[in-house]
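Visitor: What follows is a single structure, and I will ask about it in a moment.
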Amino acid sequence: MPGLVTFFIVIVGLVVVGGIVLSVGKGVTVWAENNASEVLSRPCRVVDKRTQVWGGSGDSGASTNYYITFEFEDRERVELPVRANQYGLIAIGDRGVLTHQGTRFKGFERSLEA
0 MPGLVTFFIV IVGLVVVGGI VLSVGKGVTV WAENNASEVL SRPCRVVDKR TQVWGGSGDS
60 GASTNYYITF EFEDRERVEL PVRANQYGLI AIGDRGVLTH QGTRFKGFER SLEA
């Protein structure tokens, strides 16, 4: 019986460590791909915005992720994570020039049209 308990503790430990390694590996991969990507500035319009709220159960605070979907002139769309202050300054329907590097939002320069 003690050998079985030890076996399960080792298995659970390996699963936890494996999950952490995979998560860190994925983050490093995305970071490297973004760094290898060209910085692009393209005219576009804002077609959607969304938030993702997570956590907040019990005594822990909630966290919010902010995303904006941009549509380029060729109808291609890209959804990028943005900071809260940028999310609040950009409205659906805005037109301008989006600057991004892979999936990394760099900025949005709104164009003032009459």
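Numbering that gives the first Met the number 0 applies: residue 0 is where the sequence shown begins, and numbers increase by one.
Note that beta-carbon positions come from the ideal geometry of N, C-alpha and C, so glycine has one too.
1) Within 10 Å of its beta-carbon, does residue 20 have 16 or more other beta-carbons around it, so buried, or fewer, so exposed?
2) Is residue 48 close to chain C? Criterion is C-beta to C-beta, closer than 8 Å.
3) Measure the C-alpha to C-alpha separation of residue 40 and residue 14 and round it to an integer number of angstroms.
4) May I ask you to report which of helix, strand or coil DSSP gives residue 83?
5) By the DSSP assignment, the alpha helix (DSSP H) with residue 19 in it spans what residues?
6) Quickly, what does DSSP pair residue 95 with across the bridge? List them, please.
7) I believe residue 96 touches residue 76 by the beta-carbon criterion, under 8 Å. Please report the beta-carbon distance rounded to the nearest angstrom.
8) Among the candidates 12, 33 and 63, whose CA atom is the shortest distance from the CA of residue 114?
9) Name, in chain order, the residues that DSSP records as bridge partners for residue 67.
Guide: The answer reads as follows:
1) Translated into positions along the sequence shown, residue 20 becomes position 21. Exposed, by the Cβ-count rule.
2) No chain C appears in this structure, which consists of one protein chain only.
3) Position 41 of the sequence shown, counted from the start, is the residue given in the question as residue 40. Position 15 of the sequence shown, counted from the start, is the residue given in the question as residue 14. When rounded, the distance between both Cα atoms is 42 Å.
4) Start at 1 with the first residue of the sequence shown, and residue 83 comes out as number 84. In this structure, residue 83 counts as helix in the three-state DSSP scheme.
5) Here residue 19 corresponds to residue number 20 of the sequence shown, with the count starting at 1. Looking at the DSSP string, the run of the alpha helix (DSSP H) that includes residue 19 is 1–35.
6) Within the sequence shown, the letter at position 96 stands for residue 95. DSSP output for residue 95 lists 43 and 109 as bridge partner(s).
7) Against the sequence shown, residue 96 aligns to sequence position 97. Against the sequence shown, residue 76 aligns to sequence position 77. Actually they are not in contact, since the Cβ atoms of residue 96 and residue 76 sit about 16 Å apart, beyond 8 Å.
8) Beyond the ends of the chain as shown, which are 0 and 113, falls residue 114; an answer cannot be given.
9) Translated into positions along the sequence shown, residue 67 becomes position 68. Looking at the DSSP assignment, residue 67 forms a beta bridge with 48 and 79.
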